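In my numbering, the protein residues as written are 9 to 79. C-beta atoms are modelled at their ideal positions from N, C-alpha and C, and glycine is treated no differently. Note that the structure is predicted; figures quoted are calculated from it, not measured. Everything on this sheet refers to the single structure shown next.
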Amino acid sequence: MRLRVEFTTEPFDLDEAPAHAVVAREVIQSAELDAVDVGPFGNTAEGGADEVLTAVDSLLRRALASGATRV
């Protein structure tokens, strides 16, 4: 089964992204996924179910540890 995840990070700042946004992008870009699109207004990634679920788990945990206050 293939899955697709879409997420945004806030607050949005063109000059300097907050730490939790940087971590979220790093997690998705380094995950073993087939397609990753990271942009200023949204991010998407696709891959096998296990790979996407593993990436989402890591993304949530690391973003919260880096200062995200809600998901």
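- The alpha-carbon of residue 53 is positioned some 11 Å away from that of residue 33.
- Here residue 30 is not near residue 64, since their CB atoms are 7 Å or more apart.
- C-alpha of residue 17 to C-alpha of residue 74: approximately 12 Å in a straight line.
- Per DSSP, residue 52 is one residue of the beta strand (DSSP E) stretching across 51-56.
- Nearest Cα to residue 47 within the set 59, 39, 25: 25.
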